[in-house]
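Q: Per the working numbering, the sequence shown starts with residue 10, numbered consecutively.
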Amino acid sequence: MRPIFYSLATFICFTTPAPADYPALIAEDKPVAYWPFDDAHDCCADSKVGELQARLGIGVSLIVPGPRPPEFPNFAAENLAAEMTVPGQDAVLRVKDPGLNSVLDFTNGDTITIEAWVQYVRPLRNQQLAPIVGKGRTGNPGFQPNNENWALGLIGDGKLAHASFIFHTAAGTAHRWVSDSAFAHGENWHHIAITYQFGKPDSIRAWIDGKHSIGAWEKGRATNEPPVVDNDEVWIGSTLGAKAEHTFPGCIDEVALYRTALPQERIQLRAARTTRSSGSK
Ligand SMILES: [Ca+2]
Ligand SMILES: [Ca+2]
Numbered sequence: 010m011r012p013i014f015y016s017l018a019t020f021i022c023f024t025t026p027a028p029a030d031y032p033a034l035i036a037e038d039k040p041v042a043y044w045p046f047d048d049a050h051d052c053c054a055d056s057k058v059g060e061l062q063a064r065l066g067i068g069v070s071l072i073v074p075g076p077r078p079p080e081f082p083n084f085a086a087e088n089l090a091a092e093m094t095v096p097g098q099d100a101v102l103r104v105k106d107p108g109l110n111s112v113l114d115f116t117n118g119d120t121i122t123i124e125a126w127v128q129y130v131r132p133l134r135n136q137q138l139a140p141i142v143g144k145g146r147t148g149n150p151g152f153q154p155n156n157e158n159w160a161l162g163l164i165g166d167g168k169l170a171h172a173s174f175i176f177h178t179a180a181g182t183a184h185r186w187v188s189d190s191a192f193a194h195g196e197n198w199h200h201i202a203i204t205y206q207f208g209k210p211d212s213i214r215a216w217i218d219g220k221h222s223i224g225a226w227e228k229g230r231a232t233n234e235p236p237v238v239d240n241d242e243v244w245i246g247s248t249l250g251a252k253a254e255h256t257f258p259g260c261i262d263e264v265a266l267y268r269t270a271l272p273q274e275r276i277q278l279r280a281a282r283t284t285r286s287s288g289s290k
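(1) Hey, is residue 266 close to ligand 2, as in C-beta under 7 Å from one of its heavy atoms?
(2) Residues in the same chain with beta-carbon distance under 6 Å from residue 250, minus the five sequence neighbours each way, listed in chain order, please.
(3) Indicate whether residue 83 and residue 275 have their beta-carbon atoms separated by less than 8 Å.
(4) Mind pulling the beta strand (DSSP E) runs of 3 or more residues that sit fully within the segment 208 to 261?
(5) Could you check what DSSP says for residue 62 in three-state terms: helix, strand or coil?
(6) Can you give me the Cβ contacts of residue 41 inside the same chain, cut-off strictly under 6 Å, excluding the 5 residues immediately before and after it?
(7) Tell me whether the beta-carbon of residue 203 lies closer than 8 Å to the beta-carbon of residue 172.
(8) Per DSSP, which one or two residues make a beta bridge with residue 69?
(9) With DSSP as the reference, label residue 282 as helix, strand or coil.
(10) One question on the structure: do residue 156 and residue 241 come within less than 8 Å of each other, judged by their Cβ atoms?
(11) Just to confirm, does residue 166 get its C-beta within under 7 Å of one of the non-hydrogen atoms of ligand 2?
(12) From the DSSP output, in three-state form, read off residue 113 for me.
(13) Tell me the DSSP secondary structure of residue 26 in three-state form.
(14) Compute every distance between the C-beta of residue 46 and the non-hydrogen atoms of ligand 1, then say whether any falls below 7 Å.
(15) Going along the chain, which residues of its own chain have a beta-carbon closer than 6 Å to the beta-carbon of residue 198, five neighbours each way excluded?
(16) Is the beta carbon of residue 103 less than 8 Å from the beta carbon of residue 244?
(17) Touching or not, the segment 209 to 219 and the segment 133 to 145, by the rule of three or more beta carbon pairs under 8 Å?
(18) Near ligand 2, which residues have their beta-carbon less than 5 Å from any of its heavy atoms, given in chain order?
(19) Do you know whose CA, among 175, 260, 167, lies nearest residue 143's CA?
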């Protein structure tokens, strides 16, 4: 009987799923920056790749739960997220742009993927923007206010929130794409991802909870003009001086930035979920 026992043991060993490892999943796609918010220290939350630190504003808390098992099997049981705890009280994480032609700078011909998990707990008004992560539009001295190189956010329709992608041209004109799919506020976590090749308005793709969503550039806002590029900061969770009305109403986790377009099958892997429906439609 013993040989049979050993065979069975070997079989079990090889068929047991690997431990949940969301960071390893992200690393396989080679992001240029990835902030999991799980090992923050003193001033900052470090990017798991490269050297880009996200400096914590005083209104940010990094002790709140992020997506966790069993609902989100990719994640560790102790996964943590960033909460914009006190809107209007510096509830933002700031990342310095290293300078000219940095990994954070995008122009025509460059491809971007931005992704994050979000939990927005207060409803958004019609047309209210909830910033997730973006470069520029910080209100920092020395920069014009309408200088978003790229930005991922949610936008309200009075009832639900849609995914949005925004950039400004050098003239300061905003070009905003909005997803058709949307979801309600509450305790549910949602995964948002957008890919885009600058200069090609038809190249934009978006996913909410791993499901592709069609959408549209706002009227007259599709353009092949390049985005404004400068050395302003990347901000997570807020814009425009981190005032309350420009701050994300909830929690953000696992922010990653790529200079490639991630394919749908890789996006879907991230959004794995069990036990209850996502609530998005
Ligand atoms: Ca996390
Ligand atoms: Ca720059």
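For each residue, glycine too, the CB sits at the ideal point set by N, CA and C. Please read all numbers here as calculations on a predicted model, not as lab measurements.
A: Reading from the atomic positions:
(1) What you label residue 266 is simply residue 257 of the sequence shown in a count that begins at 1. Incorrect: residue 266 has no Cβ contact closer than 7 Å to ligand 2.
(2) As a first step, residue 250 is located in the sequence shown; it is residue number 241 there, counting from the start. Within the same chain, residue 250 has close Cβ partners 148.
(3) Taking the sequence shown and counting its residues from 1, one reaches residue 83 at position 74. Taking the sequence shown and counting its residues from 1, one reaches residue 275 at position 266. No, Cβ-Cβ distance for residue 83 and residue 275 is not below 8 Å.
(4) 214 to 217, 220 to 222, 224 to 226, 243 to 245
(5) In the sequence shown, counting from the first residue as 1, residue 62 sits at position 53. Looking at residue 62 - three-state DSSP - the assignment turns out to be strand.
(6) Numbered from 1 along the sequence shown, position 32 holds the residue referred to as residue 41. Same-chain partners within the cutoff: 112, 266, 268.
(7) Within the sequence shown, the letter at position 194 stands for residue 203. Within the sequence shown, the letter at position 163 stands for residue 172. Taking 8 Å as the Cβ cut-off, residue 203 and residue 172 qualify as a contacting pair.
(8) On the sequence shown, residue 69 is found 60 positions in, with the first residue counted as 1. Answer is 93, bridged to residue 69.
(9) Reading the sequence shown from its first residue, position 273 is the one you call residue 282. Per DSSP, reduced to three states, the secondary structure at residue 282 is coil, with no helix or strand assignment.
(10) As a working note, residue 156 is residue 147 in the sequence shown. As a working note, residue 241 is residue 232 in the sequence shown. A contact, by the Cβ cut-off of 8 Å.
(11) Within the sequence shown, residue 166 is the residue found at index 157, counting from 1. Because no heavy atom of ligand 2 lies under 7 Å away, the Cβ of residue 166 does not count as near it: no.
(12) For the purposes of this step, residue 113 is taken as the residue at position 104 of the sequence shown. Here residue 113 sits in coil by DSSP.
(13) As a first step, residue 26 is located in the sequence shown; it is residue number 17 there, counting from the start. Summary for residue 26: the model assigns pLDDT 47, below 50, so the residue's position carries little reliability, and this model does not support an answer.
(14) Stepping through the sequence shown from its first residue, residue 46 is reached at position 37. Yes, Cβ of residue 46 sits closer than 7 Å to a heavy atom of ligand 1.
(15) On the sequence shown, residue 198 is found 189 positions in, with the first residue counted as 1. Contacts found: 76, 126, 128.
(16) For the purposes of this step, residue 103 is identified with residue 94 of the sequence shown, where counting begins at 1. For the purposes of this step, residue 244 is identified with residue 235 of the sequence shown, where counting begins at 1. Yes, the pair counts as a contact, with Cβ atoms nearer than the cut-off.
(17) no
(18) 106, 111, 114, 240
(19) Counting from one through the sequence shown, the residue named residue 143 turns up at place 134. Among 175, 260, 167, the Cα nearest to that of residue 143 is on 175.
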